[in-house]
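Asker:
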Amino acid sequence: MKENLIWLQGGFFLGVVFLAAVWIIKPVGVSTEFVIVNGVVWNIFSPELITQNEGNEPAFSSTNAYLNSSGGKLAASVANPINYGIVFVLSMILGGFLSGLFSKKKLPDTDKISPTVWRERFGENTKKRFLLVFLSGFLVLFGARLADGCTSGHMMSGMMQTSLSGYLFAAGAFATAIPVATLFFKSKKR
Amino acid sequence: MNILLAIILGTAFGFALDRAKASNPQKIINMLRLKDFHLMKVILFAIGFSSLILFVLLSFNLIDPSHFSVKKSYPGVIIGGAILGIGFAIGGYCPGTSIVAAGRGRKDAIIFILGGLLGAFFYMLIFGMLKDTALFNPIAGGTVSIAETTNPKFTSLFNNLPSLVIAGPVALIFITVAFLLPNKTESD
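Which chain is which? The protein sequence lines are A and B, in order.
Everything in the first sequence is counted per my numbering, starting at -13 for the first residue and increasing by one.
Everything in the second sequence is counted per my numbering, starting at 122 for the first residue and increasing by one.
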């Protein structure tokens, strides 16, 4: 493939996966599974979190308002976590691993801590990167839960189906992401 | 069966995201700084292309409309998106790409995921206080798409027009913009 068409190859492959997911099962989504993992861990420490309602609707309820919302759908997934959604997301780890395994270019150790653009601006301090990337993860998943979807669920799956929510989400996300990235990574020189 | 499909599709999705360089925070950050449009081209093309085929399949009744999943529109979608955008810009990861990057061996992605678990947990704790606020008031009727999905659970802004008449041109705009954006890659 010609160097300047690599993006087309990537976009095509990604599009095929999105299409296959909707065609066979349902649209791709990721951020909900963070809630399920939290719920499973929480449920180990306090088993009263999830209640199974024998013969009644909803089948599962929770003392946590969020898990209990939308007819206890999340509570049901926490009670029986081994289902499509979580396996899909865990398999993505395998996908990333395999891509690396079959890649000619090995990832340099420094890139495993922070990208070049980060090191050029903030240096190689691992603690600083980890602290800020932890905070950024916190904001991203908090925001994704408030929005009820992330880049996969809203932006890609959503806009593919022409869902209005996908457009609203993309507008909100880029409205902050572009100025924040521009200012945060502004080089000291010049 | 579903579990097997999840493994196949999840692995393919992770592989595709990594090959598209979406799991590389360098690419995300420089896209957001408007310095490198590679990923933007990838995403726009992926959306446009998959959307076009999806609605063509729908027009020929080759896809089950119950597989559509149109999410609700409400102010929290925009505000949540804006909060996500801040973290996205600083860290260079979104939830999906951090998972893939962790598989690729990036340690900062693992820290991002841990932060994400805490952020999602914090939301679970405060949801009870938010749930009855205007944050969740439906916009334009809630679960609404622009083109008709023919799924009775969802409404559409153009419900009297054939889906493809709306979705087709929208998809072509995405694809056209993907081709028009400059290909300059200043960094890898």
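Glycine residues also receive a C-beta, built at the ideal position from the N, C-alpha and C atoms.
In the DSSP assignment, find the alpha helix (DSSP H) that holds A/I68 and state where it starts and stops.
Answerer: Segment: none, A/I68 is in no alpha helix (DSSP H) and carries neither H nor E.
Asker: Could you tell me which residues DSSP puts in a beta bridge with A/F209?
Answerer: There is simply no residue 209 of chain A to check, as chain A begins at -13 and stops at 176 in what is shown.
Asker: Quick one: which residues of the stretch 185 to 200 of chain B get their C-beta closer than 7 Å to a C-beta of chain A? List them in chain order.
Answerer: Here the close residues are H188, F189, S190, V191, K192, K193, S194, G197, V198, I199 and I200.
Asker: Reducing DSSP to helix, strand and coil, say where A/R176 ends up.
Answerer: Unreliable placement is indicated for A/R176, whose pLDDT of 48 sits below 50; no coordinate value is reported for it.
Asker: When the Cα atoms are used, what is the spatial distance from B/Y195 to A/M142?
Answerer: Each residue's Cα considered, the two are about 18 Å apart.
Asker: Measuring straight from C-alpha to C-alpha, what distance separates B/L278 and A/V16?
Answerer: Taking the straight line joining both Cα atoms gives about 27 Å.
Asker: My output table needs one value for B/T276: the three-state DSSP class, helix, strand or coil.
Answerer: Strand, per DSSP.
Asker: For B/D309 and B/P303, what's the separation of their Cα atoms in angstroms?
Answerer: Interpretation of B/D309 is limited by its pLDDT of 47, a score under 50 that renders its predicted location unreliable; the figure taken from the coordinates is listed afterwards. If you take the alpha carbons of B/D309 and B/P303, they lie about 16 Å apart.
Asker: Given a threshold of 16 other Cβ atoms within 10 Å of its Cβ, counted over all protein chains shown, does A/R176 qualify as buried or as exposed?
Answerer: At A/R176, the pLDDT of 48 sits below 50, so the modelled position is not reliable; the number obtained from the coordinates is stated separately. So A/R176 ends up on the exposed side.
Asker: With a threshold of 16 other CB atoms inside 10 Å of the CB of B/F300, please say whether the residue is buried or exposed.
Answerer: Exposed, by the Cβ-count rule.
Asker: By the criterion of Cβ-Cβ separation under 9 Å, what are the contact partners of A/G158 in chain B?
Answerer: Within chain B, the residues near A/G158 are V198, I199, I200, G201, G202, A203, I204, L205 and G206.
Asker: Assign A/L154 to buried or exposed, taking buried as 16 or more other Cβ atoms, counted over all protein chains shown, within 10 Å of its Cβ.
Answerer: Answer is buried; the Cβ neighbour count reaches 16.
Asker: Whose CA, out of B/G169, B/I199 and B/A167, lies closest to the CA of A/C136?
Answerer: Of the candidates B/G169, B/I199 and B/A167, the one whose C-alpha sits nearest the C-alpha of A/C136 is B/I199.
Asker: Who are A/S149's beta bridge partners in DSSP?
Answerer: Paired residue(s): B/S266.
Asker: Could you check whether the Cβ of A/F31 sits closer than 9 Å to any Cβ belonging to chain B?
Answerer: So no, A/F31 is outside the interface.
Asker: Hey, quick one: how far does the alpha helix (DSSP H) through B/S152 stretch, first residue to last?
Answerer: Position check: residue 152 of chain B holds Met in this sequence, whereas Ser was assumed. Looking at the DSSP string, the run of the alpha helix (DSSP H) that includes B/M152 is P146 to L153.
Asker: Does B/I294 get closer than 9 Å to chain A when you measure Cβ to Cβ?
Answerer: Cβ-Cβ to chain A under 9 Å: no for B/I294.
Asker: Which of helix, strand or coil does DSSP assign to B/M122?
Answerer: Of the three classes helix, strand and coil, the one that applies to B/M122 here is coil, per DSSP.
Asker: Could you tell me which chain A residues have their CB closer than 8 Å to the CB of B/P283, listed as they occur along the chain?
Answerer: The premise fails here: B/P283 is roughly 13 Å from chain A at the closest Cβ pair, so nothing lies under 8 Å.
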